[in-house]
Every structure is written in C-alpha cells, then in structure tokens.
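Beneath this line is the structure, given in structure tokens, with notes to follow.
Protein chains: 2
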Amino acid sequence: MIPAAALAELSSLLGDRLSTTRSVCDQHGRDESPYPAMPPDAVAFADSTDEVARIVQVCARHRVPVIPYGAGSSIEGHLLAIRGGLSLDLSRMTRIIAIDADDLTATVEAGVTREALNDALRHSGLFFPIDPGANASLGGMSATRASGTNAVRYGTMRENVLALTVVTAAGKVIHTGTRARKSSAGYDLTRAFVGSEGTLGVMTEITVRLHPQPMAVSAAVATFDSVADAVNTVIRTIQYGIPVARVEFMDIQAVRAVNAYSKLSLREAPTLLFEFHGSEAGVAEQAETVQAIAHEFGGTDFEWASRQEDRSRLWAARHKAYFASLQLQPGSTCVTTDVCVPISRLAECVTATCADIDASGILATVLGHVGDGNFHVLLLVDPADPQSRERAEAVNARIVRRALDMDGTCTGEHGVGLHKMDFMRAEHGEDALDMMRALKRAFDPLNLMNPGKIVTLD
Amino acid sequence: MIPAAALAELSSLLGDRLSTTRSVCDQHGRDESPYPAMPPDAVAFADSTDEVARIVQVCARHRVPVIPYGAGSSIEGHLLAIRGGLSLDLSRMTRIIAIDADDLTATVEAGVTREALNDALRHSGLFFPIDPGANASLGGMSATRASGTNAVRYGTMRENVLALTVVTAAGKVIHTGTRARKSSAGYDLTRAFVGSEGTLGVMTEITVRLHPQPMAVSAAVATFDSVADAVNTVIRTIQYGIPVARVEFMDIQAVRAVNAYSKLSLREAPTLLFEFHGSEAGVAEQAETVQAIAHEFGGTDFEWASRQEDRSRLWAARHKAYFASLQLQPGSTCVTTDVCVPISRLAECVTATCADIDASGILATVLGHVGDGNFHVLLLVDPADPQSRERAEAVNARIVRRALDMDGTCTGEHGVGLHKMDFMRAEHGEDALDMMRALKRAFDPLNLMNPGKIVTLD
Ligand SMILES: Cc1cc2nc3c(=O)[nH]c(=O)nc-3n(C[C@H](O)[C@H](O)[C@H](O)COP(=O)(O)OP(=O)(O)OC[C@H]3O[C@@H](n4cnc5c(N)ncnc54)[C@H](O)[C@@H]3O)c2cc1C
Ligand SMILES: Cc1cc2nc3c(=O)[nH]c(=O)nc-3n(C[C@H](O)[C@H](O)[C@H](O)COP(=O)(O)OP(=O)(O)OC[C@H]3O[C@@H](n4cnc5c(N)ncnc54)[C@H](O)[C@@H]3O)c2cc1C
Chain V
1 MIPAAALAEL SSLLGDRLST TRSVCDQHGR DESPYPAMPP DAVAFADSTD
51 EVARIVQVCA RHRVPVIPYG AGSSIEGHLL AIRGGLSLDL SRMTRIIAID
101 ADDLTATVEA GVTREALNDA LRHSGLFFPI DPGANASLGG MSATRASGTN
151 AVRYGTMREN VLALTVVTAA GKVIHTGTRA RKSSAGYDLT RAFVGSEGTL
201 GVMTEITVRL HPQPMAVSAA VATFDSVADA VNTVIRTIQY GIPVARVEFM
251 DIQAVRAVNA YSKLSLREAP TLLFEFHGSE AGVAEQAETV QAIAHEFGGT
301 DFEWASRQED RSRLWAARHK AYFASLQLQP GSTCVTTDVC VPISRLAECV
351 TATCADIDAS GILATVLGHV GDGNFHVLLL VDPADPQSRE RAEAVNARIV
401 RRALDMDGTC TGEHGVGLHK MDFMRAEHGE DALDMMRALK RAFDPLNLMN
451 PGKIVTLD
Chain L
1 MIPAAALAEL SSLLGDRLST TRSVCDQHGR DESPYPAMPP DAVAFADSTD
51 EVARIVQVCA RHRVPVIPYG AGSSIEGHLL AIRGGLSLDL SRMTRIIAID
101 ADDLTATVEA GVTREALNDA LRHSGLFFPI DPGANASLGG MSATRASGTN
151 AVRYGTMREN VLALTVVTAA GKVIHTGTRA RKSSAGYDLT RAFVGSEGTL
201 GVMTEITVRL HPQPMAVSAA VATFDSVADA VNTVIRTIQY GIPVARVEFM
251 DIQAVRAVNA YSKLSLREAP TLLFEFHGSE AGVAEQAETV QAIAHEFGGT
301 DFEWASRQED RSRLWAARHK AYFASLQLQP GSTCVTTDVC VPISRLAECV
351 TATCADIDAS GILATVLGHV GDGNFHVLLL VDPADPQSRE RAEAVNARIV
401 RRALDMDGTC TGEHGVGLHK MDFMRAEHGE DALDMMRALK RAFDPLNLMN
451 PGKIVTLD
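Residue numbers (the UniProt record's numbering), protein chains in the order written: chain V, 1 to 458; chain L, 1 to 458.
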C-alpha cells in the first residue's frame, strides 16, 4: 500500500500520468514469464530525468518501493511488485538526445527502444547491434545486461554502454562514465548499474556505442545430422577466430515451430543460421571458411540468403521463434532457460539437455546464441496444470546445474529477476553473494529499488 | 607502524618471506612516477591465495593497511604507503593455472606478467593482447584497468577479464564470474574489482580471454606534415570501422627520442605506426584502405614492415618510448598525462596540447593510443628543481581540463592513484563520487585496502 500522503504528492507532481487503475497496475505487475501478475499499487509515467528524481525522492521519504518499467518484455519475473509500491514507467522518455556519428556514440532517454534507435540511425551509416527478440527499451536492456544474436561479434550491453545518467535511490542525479571509449578513472559505476535490474537506481539516459553498418552482409542456413555436429561447427568457427556476426542454433522442434509460424520451409533438422559482416571480399572469405568447417561436420543444404529480403525474412522468423514456439501448443506459456557455458562444453551441454527434454516428455524448443555458448530451452507449460510448470522447472534446474558444473552461468542474458534467484548461491557462493548484498545496501540503504530481486537482504 | 603482535603473527606465517629491511620497503613504497617513496612498514611475499587470505585477516584484526603490489610499474603514485602498513607483494604467485585453448581462456595467478603469459601461449595459436609498455603483472593490470597499443581492436582489461578470485578486505576468498563469455547473473563484481587499484580487495587469480593469433600481420609507418593530419587519418580509419589492430601516434620529439634510444632512423615528423591483423587478403585490404585515407591527409613515406624482425623492432622501440623520452634529458623524471577523449575531438585536443607544451617551454614527448582517443604527454622534470615539477603539473591540469570539457576522462588507462585524485570531482561530480565512496565503504569498511587512493573517505 502506498500511503495516501505519498499518492497525493505523486498525483500533484504527475496529474493524470499517475494511475491506480486496476488494468494499468495489472499490466505493469507482470512480464512475459509464466508468473501470475503481482500488480504495483500505482503506476507513474515519467517524462524527464528531473521528474524521475522527484518521484524517487517522494517514494524514499514515504518508504514506497519503486520498480522501474521499460517495455515489459523481460521474462524472469523482474517486474512483479512483490512488495507493492510504484511502477515507474519510462516508456514515454523517448527522446534521442544525441547521435554523434563521428564518435560512433548515441545518447538516448531510457524509454527509447532498440528499433526506434535504429530507425533514427537509418541514414547515418551506423547501427546499434544489440537485439533481444523483443523490441525492448534501452533502459531495460541496460538493466538486464541484454544481448542477442549479434553479441558474438559486437558484445553485450556490458561492452556497449559507455555512460549513464542515473537517479539514485536517494533521488540524486548522477552521471557515470564519459563518451571516451575507455577510462581508468575510479570504480566502474557504469557497469555496477548495467545488469542491476532496477535494484540500485533508475537509469534515465544511456550513451551507447554505435557500429558502422557493414559494407557487405551475407547470410546462410546449414543443416546437420545431429545437434553435436551443428554445435561443433560453431565451436570450431569461434576457435578459428572468424568474426562471424551471428550464429544461431535451432533444434528440429524449433525449426518446425518457425516454419509453421513464419511460413518458411526450412529442412527439419538441427540448423545453424549464419550472418557475416565485412567488406565484399572479407564476407566471401569468412563464408567460405565456415562452409568448409560445416562440411567437415556433415553440414548440408548450405543455402545462401544473399538478397536483403530473404535475409530479413530469415531473421524476422528467428526473432519470432519465441512466439512461434508458444504456438506449437496454443494457450501455453513457457518456462525459459538461459544458460551460457564455455564454448568447449557447449556440444556436450546441448546434447545432454536435448536428451533430458526427450526423457521429460515436455514439448520444448531449443534456440541458441551459440557463438557465445548461450542457449535457451523454451519449455511449454499448460497454465491450467500446475504440475506441468513444476516438471518444466525441474528440467530448468537440471540444465542450470549442468551449466554450473561446466563453469558456466545460470543466465547468459535474461537476468535473475525472481526466477534465477535460487541458483545465485550455487553459482557465486555465499561470500560473493554477501558482496552483492553489501553493494545493494550501499546503493539502496532503504531497500526500496525493485526490492526482493537479484538478492534478498533478510 | 605495524603493531608488534601483528608483525609476529605475519612473521610466523611467512618466515623470511616477511621483510622489514629498509631497501625492500623503500622499493615497495614507490612506482615509476616522480613521487618520492613513502615506504610501507613491512613487505609480505605471498605464495598462494590461501596465504593472502591469512595475511589480510591478520591485518584486518590489527587494523594494518594492506597495499597489494604487482610489478611496481604503475605511474600515478598507486603504491605509496601514505598511511604505512604492509605491502603485499604478489610477484611470487606466478603459476599458470590453466590454458583452455578450446575456450580461448587462461587462468593465472596475479603475479604472472603479460610476457610470461604470452610465453606460455607461444605454441597454442593464441595470444593475450593487452600490452602496457612495462612487463606488468596480470593482477596489477586488472587493478588499473590497463590497456595499451592493441586495445583499439581487442579491448582493455575491462573487456578481457572474465573471472577473478579475490581476497576481500575481510580476508574471505570469493570467486567472481565464470568462464562463460557473458552472464546476467547479478551485480558485476568482476568489473567492480577491475580498476579498483587495490582499494577493494586483493585479486589472486585472474581468468582472461585469449585471442587467436592472426593468420597474417602487417605493419606500416606513415609520416605527416602536421599533428592534425596524422590524427585525422586515425579518426577517419576508426569511423570507417576498419578493424586496425594498433595505431600509435608519435610527435616529432617522441620520434627523436625513439630514434636515438632504439637506433632507428624514422623521419622526424608527426608519425603513425599501424598494425593490421587478419587473413592475408583481409590485411592487404585494410592496409590499402588506410593507406588511401593517409594519402588524403598528405601522409607520405608509407613504409611497410612486412618482415617479422622489422615489426618486432618497431614495436619494441615504441614500447621503450617512455625510457627513450627520459633519455632526452638524462637524470630527469617525468609527469605523465593520460587523457582520453571522444575520437571526433582528438585532433583538436592533441593540437591544443602541443601548442600548450610549446608555450610552456617544457621538454616533452607526445605518444598516443590514438585509435581509442587516448594519448600521453611525457613532461620531463628535473628532480632537483621543484618548480619544474610544478610547471609540468600545471600543464597536466590544463590537459585534463581540456579533455573533460570534451566529454573525456582524466585517465584512459593508467588509473587514479594519488596523481589523478584531484580531478575526480571535476570528472564525476560530487554525487557520483559519493557512490564510489559508498562502494568503498561497503567492500572495505575499515578502510584498510590501499587507503587514501581513488577516493578519500574523510
Ligand atoms: C520474445 C522475446 C525474446 C527475447 N529475446 C532476448 C534475447 O535474445 N536476448 C536478451 O538479452 N533478452 C531477450 N528477451 C528478454 C527481454 O527482451 C530483455 O530482458 C530486455 O532487456 C528487457 O527490456 P525491457 O525494456 O522490456 O525491460 P522491462 O521488462 O521493462 O524491465 C526489465 C528489468 O529492468 C528494469 N528496468 C527497466 N528499465 C529500467 C531503467 N530505465 N532503469 C533501471 N532499471 C530498469 C526493470 O525494473 C526490470 O527489473 C526476450 C524477450 C522476449 C519476450
Ligand atoms: C614504461 C611504461 C609504459 C607503460 N605503458 C602503459 C600502457 O601502455 N598502458 C597502460 O595501461 N599502462 C601503462 N603503464 C602503467 C603500468 O604498466 C600499468 O598501470 C600496469 O597495469 C601496472 O601493473 P603492475 O603489475 O606493475 O602493478 P603495480 O604497479 O604493482 O600496482 C598497480 C596498482 O594495482 C594494485 N594491485 C597490483 N596487484 C594487485 C592485485 N593482485 N590485486 C589488487 N590490486 C593490485 C596496486 O595496489 C596498485 O594500486 C606503463 C608503465 C611504464 C613504466
């Protein structure tokens, strides 16, 4: 419950941009995960950094939890208002503050989505590579340390965020980092906030690195007899240092889903989608080398998508794979896994996982940003059958255990939210978790910023 | 002063690996900066993570400051024992724990130097790119967030450290990160310690990313009529997205110094050194494009060093430029600047800086990792003449001011130490500095880890 005095202050600050309407609160108390909604008590739609600071100050004074909200596309229960409070929606903060093409940087408000940023960059010769399957906000992507299909070449939000404007838990406005490409000027506050999932403060402006649009692009699809052959092709590609821009894995079930949903006719087999960026000659050379590697592992049907439309269709289909998977069993929700392992262990990890899924009898698709050693299993769950969710969670727990045993991580890009909290001790150990708690207490002494996520304090 | 009881405990733990000898303490109380030594009260030579933990526990119990010591090559006063205490020398911890060639990672003890690591990698087909001019330790390099000539292509320690073993200020051993290439599993403890200059804990093991040795390498030297022409060539190269592996600037004075010291006969003019990595065809293509850009800016004498010996000689000379500069005025020490600016401002920044140096009458060389927007001025100082140091510091302060006005940083790679502390408020603002102080207090509540560096707490 938000105290009436706090609501009154917020309301006089925001007018009709403060809402306590049931449907608005419900929509802000859930994400794309199967968690049932836990709505906040109110939603504030902020317009500026200054306004965010005032809102946070009011909430701090009245001890009201604040949950920053970007595009709502997260999938680990990040947005659930488990202690009530205020959802602070940044989706109206959509100003593109600066595009410094000469410096390959852009500064945007937190609510700008990755698609909006790339639209704004269309005629600049530059692009912003990070592309989660959803049209997420730059604030949300920074907060979850997101990545996607291009990370193998261009890095994740960790590497691509240069500087931030942050409203701290005390409601102060700070700037972290500069537009210089590197710095050794003290503690890395930027990377303390990147990946902090709204638990340390609110990012209101984000400066990111941009990249020159490649002179040439080509894409290809290859299919394999086994999961191991496909994954081993990727491992070899990475070990050779080929600067592949994208390399995505789909298992048979995922190919089926994508074919049906996006009206493609890919061969139903373990599949890799490649994209190469560079000069004409460079792209041709990369593609040739990778094709040779794929052949070594029995890869067939190496098919080129050299026309821009074919490539767009292919990647659009890949980006819709999540919704395509859900349609394999209409009405279902899904438990998503997100482990990431050292690349040498990837074939073993994916193969064991596929066997595990088969044995479980759960309908699932496997999709992977495999160049980074990261893959997702989408385990379909019948929302009406609690046991189906439990069975899926059991598979997820085994997948995580397997990844940790291989010196990997429980989440490569989606974040902890609520769903991965149980694995934090196993991954980091109690003493490292204590350091995380110390950091949380130092930055948010009242435990009001998205409380109860990442680590608990009690 | 270290209490006698503490010394006794340390001595029974370490035997003759604890030293209070004057010369040993003096040597550990200084670095390569012009600061006069401020020796610690004792020096401990640790052999293992476990031993580091015990040493830190003893020091915490007795409230003894601990200053981690790697190779002693830092240049901002990092190692001065301004509050006495114990220098914790890690240079004996030189085990290469694992080289996982398949995963492109290595795990080493903190005392392993970059040259030792690359020696160990010689036959693996891999290398570790980060190369400060000195043969620094991986622990020290992590602690200063170091980079060097290759960072423009391969990133800095920020991007290349995957995981750490850290002894916390309380003497606990924690592991941060995993060998997975990316992770969203909570706060980024790894990057909290990278760049923390010994003020948050002691890194005892470091897991770094390795990179495939390029199939082909070529290097070239080009000279220009003006500083601006040279720098603009670099700016254009970066803006075109050419993945140049190294691009280093030397002003006329630096060329003179290098010629004299390393017996080269480079033309005395503003100079760029390039290195290209890739396939045979890729390297040729990059070199051609860059040569065309250089020509546009009047670059001449584009000279190729295609033989490995010539390249090695060239880069060895560049790496010795610091000592070569000192020899321009034998007996001198030097004040080093280390600003880094957005690349579009680089020509303006370097040109204004050169004019400033000329006007000051100080003998100085300008050297730069210009692909990142980072450059150093080595201002020669007569140790017998305090005013000469003051004049140099005044130039440094103006250079920093200029860089900050351009949205740059006071230190691109050397770190804060003592020497850059005065600029921290101007760069970050008081409220961001307060967040750094909060982080320091959270991780080191007794303020015993290299106290008085980066930020002061009182
Ligand atoms: C179909 C689909 C595909 C996906 N594919 C990928 C993928 O390939 N890679 C990937 O990484 N993710 C993927 N995701 C997950 C999701 O898109 C990312 O987590 C994304 O970064 C969330 O951004 P958002 O704007 O939707 O944030 P939200 O969901 O609104 O919020 C996410 C978290 O960030 C916090 N937050 C939001 N904005 C701010 C801010 N300004 N300041 C501080 N904290 C803030 C919130 O409190 C919350 O904890 C996918 C999701 C879907 C539904
Ligand atoms: C000639 C010359 C050229 C240089 N060129 C470059 C360059 O191109 N790029 C660049 O980045 N730097 C350069 N430097 C600076 C220096 O080499 C780097 O700062 C280097 O990273 C220091 O490493 P070190 O092992 O010598 O650390 P030290 O000097 O021993 O220590 C540096 C700091 O790190 C802390 N520290 C050391 N080890 C640990 C540990 N294990 N855990 C926690 N804290 C620790 C110390 O307390 C201290 O604060 C140069 C220096 C010289 C003398």
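All residues carry an ideal CB built from backbone N, CA and C; glycine is no exception. Note that the structure is predicted; figures quoted are calculated from it, not measured.
If you ignore the 5 residues before and after S196(V), its C-beta comes within less than 7 angstroms of the C-beta of A143, all in its own chain and listed in chain order. Counting C-beta pairs with one atom in each stretch, the stretch 17-33 of chain L and the stretch 160-179 of chain L have fewer than three that are closer than 8 angstroms, which means they do not touch. It is roughly 24 angstroms from the alpha-carbon of S279(L) to the alpha-carbon of H295(L).
Going by DSSP, A364(L) is part of the beta strand (DSSP E) stretching over 364-369. As the crow flies, the alpha-carbon of L90(L) is around 15 angstroms from that of I97(L). Distance from the Cα of S147(V) is smallest, within the candidate group A6(V), T156(V), G140(V), for T156(V).
The closest heavy atom of ligand 2 lies 7 angstroms or more from the beta carbon of N232(V). Ranked by Cα distance from R402(V), the first of R437(V), I99(V), A120(V), L346(V) is L346(V). With contact defined as three or more Cβ pairs closer than 8 angstroms, the stretch 165-174 of chain V and the stretch 427-438 of chain L are in contact.
Only buried fits A442(V), as 16 or more other CB atoms lie within 10 angstroms of its CB. Given a length threshold of 4 residues, each whole run of the alpha helix (DSSP H) inside the stretch 267-344 of chain V is given here in chain order: 280-296, 308-319, 321-326. In this structure, A219(V) sits near A305(V), with a CB-CB distance shorter than 8 angstroms. Rounded to whole angstroms, P451(V) and E76(V) show a C-alpha spacing of 15 angstroms. 8 angstroms or more divides the Cβ of A101(V) from the Cβ of V416(L). Classified as buried, R153(V) has 16 or more neighbouring CB atoms from the shown chains inside 10 Å of its CB. In this structure, ligand 2 has no non-hydrogen atom nearer than 7 angstroms to the beta-carbon of D458(V). Note: S124(V) is not bridge-paired with any residue in the DSSP secondary-structure output.
Here the C-alpha atom of I293(L) lies approximately 15 angstroms from the C-alpha atom of F276(L).
A distance below 8 angstroms separates the beta carbons of A42(V) and L86(V).
Distances taken from the Cβ of E413(L) to the heavy atoms of ligand 2 include one shorter than 7 angstroms. In this structure, C410(V) lies near V400(V), with their beta-carbon atoms less than 8 angstroms apart. Remark: the C-beta of T144(L) is in contact range of ligand 2, defined as less than 7 angstroms to any heavy atom. Residues of chain L whose Cβ lies closer than 8 angstroms to the Cβ of L104(V) are, in chain order, I238, Q239, I343. Contact of V377(V) with chain L is not assigned, every C-beta pair being separated by 8 angstroms or more. With contacts defined as CB atoms closer than 8 angstroms, R17(L) and A44(L) qualify as a contacting pair. As computed with DSSP, Y69(V) is found in a beta bridge with D89(V). Within the stretch 152-168 of chain L, G155, T156, R158, E159, T168 place their CB atoms closer than 8 angstroms to a CB of chain V, listed in sequence order.
For a Cβ distance threshold of 8 angstroms, nothing in chain V lies close to M93(L): the least Cβ distance comes to about 20 angstroms.
In this structure, DSSP gives V377(L) an extended state, which the three-state scheme calls strand.
Comparing alpha carbon positions, the residue from G133(L), I242(L), R267(L) closest to E285(L) is I242(L).
Per DSSP, reduced to three states, the secondary structure at T107(L) is strand.
Using a CB distance cut-off of 8 angstroms, H428(L) counts as an interface residue toward chain V. Taking the CA atoms as reference points, S33(V) sits about 12 angstroms from R389(V). Segment contact: the stretch 352-369 of chain V against the stretch 301-317 of chain V, fewer than three CB-CB distances shorter than 8 angstroms; contact not assigned. In this structure, G331(V) has its beta carbon at no less than 7 angstroms from each heavy atom of ligand 1. Where G201(L) is concerned, the enclosing beta strand (DSSP E) starts and stops at 201-209.
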